[in-house]
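Going by numbering that gives the first Met the number 0, the residue at position 446 of the sequence shown is 445; the numbering climbs one at a time, nothing skipped. The structure appears below as structure tokens.
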Amino acid sequence: MSFSHEDRTSNLAELGEDPFDLIVIGAGITGAGIAHEAAQRGLRTVVLEKGDIASGTSSASSKLVHGGLRYLEQLKFGLVAESVRERHLLLEMAPELVWPIDFVLASYKGSKHSARKMRLGMWIYQRLAGKHRLAKPRVLEPEELAQLEPALRQEGLVQACVYQDCQTNDARLTLTVAKAAHQAGAVVLPRCEVVGALDGLTRLQIKDRLTGTEHEVSGSQVVLAAGPWTDQLLQLLGIEHHQLVRPTQGVHICFPFEKAPVERAVAMTHPDDGRAMFLLPWRTHTVVGTTDTDHEGPVDRLCASGEDADYLLRAYNHYCPDHPLALDDIVSTWAGLRPLVNEPGKPPSKISREHLILRLAPELSVIVGGKLTTFRVMAREVVTGLGLELEEASDPGPYPAKLLPASVEEAVREEMCLTVTDYLRRRTLQFCTGADQGLGQVDAVASEMGKLLGWDEDYRRVSVDAYRREVAQSRAFRA
Ligand SMILES: Cc1cc2nc3c(=O)[nH]c(=O)nc-3n(C[C@H](O)[C@H](O)[C@H](O)COP(=O)(O)OP(=O)(O)OC[C@H]3O[C@@H](n4cnc5c(N)ncnc54)[C@H](O)[C@@H]3O)c2cc1C
């Protein structure tokens with residue numbers, strides 16, 4: 000189904016005609032999910048996104064659709080039960096994009112997870128999953144783990160468990176949901192930034208970031224799904240409120256599998272501070288993440304610092320002492336901001352991952368917090384909470400998901416791919432795992448996109464340079 004720049008252009012031309020029932024600001028997983036739910040339930044919906052679909056946090060996650068085993072420690076049983084249910088539904092609705100993977104959870108002498116606590120946690124996790132459980136966890140003695148994952152630290156190992164959770168491609172999952180929203184009748188407008196409110200909150204001014212032209216859009220209800228940009232947008236819209244989001248930065252670093260040969264995901268605690276983190280297989284690579292540090296300053300240009308990379312390397316080198324890695328082995332990094340609900344005084348990793356929906360004016364709802372995994376639940380709550388007469392929510396059926404586009408042309412015509420960065424960073428995996436992060440292909444991709452999108456030489460150069468800057472930024476930790 001067509002989902003292209005041509006759809007975008009015709010949608011923009013019709014934007015001012017009739018007011019919408021619902022304007023959604025932000026096309027991360029939260030906004031895309033809300034737009035899909037609203038369109039399915041009969042609301043005339045538009046979703047405005049200043050960058051690409053999923054260009055914010057929703058392409059910088061750990062790429063897990065998970066029940067949240069570690070939330071058991073915080074006694075968040077409801078959150079875990081909800082997450083495992085959603086995990087199951089996503090496995091059914093998007094099997095190309097959500098797949099089970101094995102996790103190893105190991106208990107070492109003196110670690111905060113004793114073998115007994117680990118086994119109890121597994122039991123509760125399975126019970127909460129009920130009929131949605133994945134493969135039954137297995138308890139492994141040290142010699143069995145040594146056979147299964149020889150790269151993992153053996154010293155001090157008491158026992159381990161292998162259990163299952165799911166992995167996804169976050170950017171493509173978000174794209175898939177945005178495309179499903181389009182299919183259900185929503186108007187999806189990437190690279191259209193909300194720059195002000197014209198007349199109360201129901202008439203917004205937007206700027207087309209591709210051409211610089213300004214437009215207006217009206218709607219009876221507005222939902223802010225702007226993740227880490229929420230407080231900035233509230234200020235822009237003239238809404239006074241205490242700080243709603245506590246943005247904490249999470250960094251991942253990525254290595255070729257040959258250098259970090261761990262076949263399964265590993266749930267571990269950092270040797271310095273006991274924080275939960277992961278080693279994750281990511282196709283031909285292994286990813287280590289994540290940090291969790293309070294973020295101050297601009298939300299737009301994030302990157303891994305040398306300190307972040309060192310911190311993550313220390314954990315990897317502790318758990319894989321026979322395959323030590325150094326900064327030079329890193330092939331890519333990415334950083335994102337968790338839009339956590341502001342809970343002053345708590346350390347970042349203790350802040351709840353649950354979402355919060357607020358009605359800040361009769362025509363304005365705001366959603367913050369949450370997880371990729373639970374986006375459907377969040378969307379349903381937001382749309383139901385609008386208090387409008389709606390059609391019954393129907394089963395959305397399978398998502399029109401695809402693991403990767405077959406070509407640049409398919410990405411342009413069917414996946415709303417508008418720039419070189421969209422293609423190399425979010426439609427494909429070149430940015431994370433490509434040789435040289437896709438820099439070797441950048442000119443060829445730009446020429447093909449240029450032909451399809453009618454770019455002149457100057458515009459082609461702008462798109463190429465923007466991608467080169469993204470790659471340079473992801474390597475800033477080396478400075
Ligand atoms: C390091 C890390 C790891 C994580 N790992 C996982 C995981 O493994 N599993 C999981 O379930 N969850 C995970 N999460 C949480 C999950 O990624 C986030 O909760 C989710 O992606 C947030 O999505 P969002 O749509 O709310 O925000 P975003 O994806 O940031 O979307 C907000 C959008 O609003 C747009 N916007 C901002 N201002 C404007 C404007 N003026 N006009 C128009 N648009 C605007 C932005 O461009 C952006 O695209 C992780 C988060 C982080 C940071």
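A virtual CB, placed ideally from N, CA and C, is assigned to each residue, including glycine.
Check                                                                                                    : Outcome
CA-to-CA distance, A434 to T283, given in whole angstroms                                                : 11 Å
Coil, strand or helix - S331 by DSSP                                                                     : strand
The region 236 to 252 touching the region 265 to 275, judged by at least three CB pairs closer than 8 Å  : no
Bounding residues of the alpha helix (DSSP H) (the contiguous stretch that carries T173)                 : D169 to Q182
Reference M276; option with closest CA among Y315, H240, V298 and L301                                   : Y315
8 Å Cβ shell around L88 - same chain, five flanking residues per side excluded                           : R375
The region 250 to 263 in contact with the region 226 to 235 per 3-pair CB rule at 8 Å                    : no
6 Å Cβ shell around G195 - same chain, five flanking residues per side excluded                          : Q204
Inter-residue CB distance, L68 and A266 (contact presumed, cutoff 8 Å)                                   : 7 Å
Residue of Q248, L278, E239 and H240 minimising C-alpha distance to K258                                 : L278
Distance cut-off 7 Å: P338 Cβ against heavy atoms of ligand 3                                            : Ligands displayed in this structure: ligand 1; ligand 3 is not among them.
Alpha-carbon spacing of Q153 relative to M121, whole angstroms                                           : 21 Å
Strand pairing of P264, partner residues [DSSP]                                                          : This sequence places Ala at residue 264; Pro is not what is there. Note: A264 sits in a beta bridge opposite F102.
Backbone CA spacing between P404 and A26 [nearest angstrom]                                              : 20 Å
Per DSSP, cross-strand counterpart(s) of K206                                                            : E192 and E213
Assigned exposure category for V441 - 16 Cβ within 10 Å defines buried                                   : buried
Heavy atom of ligand 1 within 7 Å of K178 beta-carbon                                                    : no
Inter-stretch contact at 8 Å, needing at least 3 Cβ pairs: the region 334 to 347 / the region 183 to 193 : no
Beta bridge counterpart(s) of D293 as assigned by DSSP                                                   : T247
Beta-carbon proximity check, S58 vs D169, cutoff 8 Å                                                     : yes
Cα-Cα separation, V222 to A177                                                                           : 16 Å
Between the CA atoms of A445 and L357 - distance to the nearest angstrom                                 : 42 Å
Residue closest to P94, alpha-carbon to alpha-carbon, out of Q166, A185 and Q220                         : Q166
Paired residues, beta bridge with E48 - DSSP                                                             : P189
Nearest candidate by alpha-carbon position, reference K49, set L355, H65 and R208                        : R208
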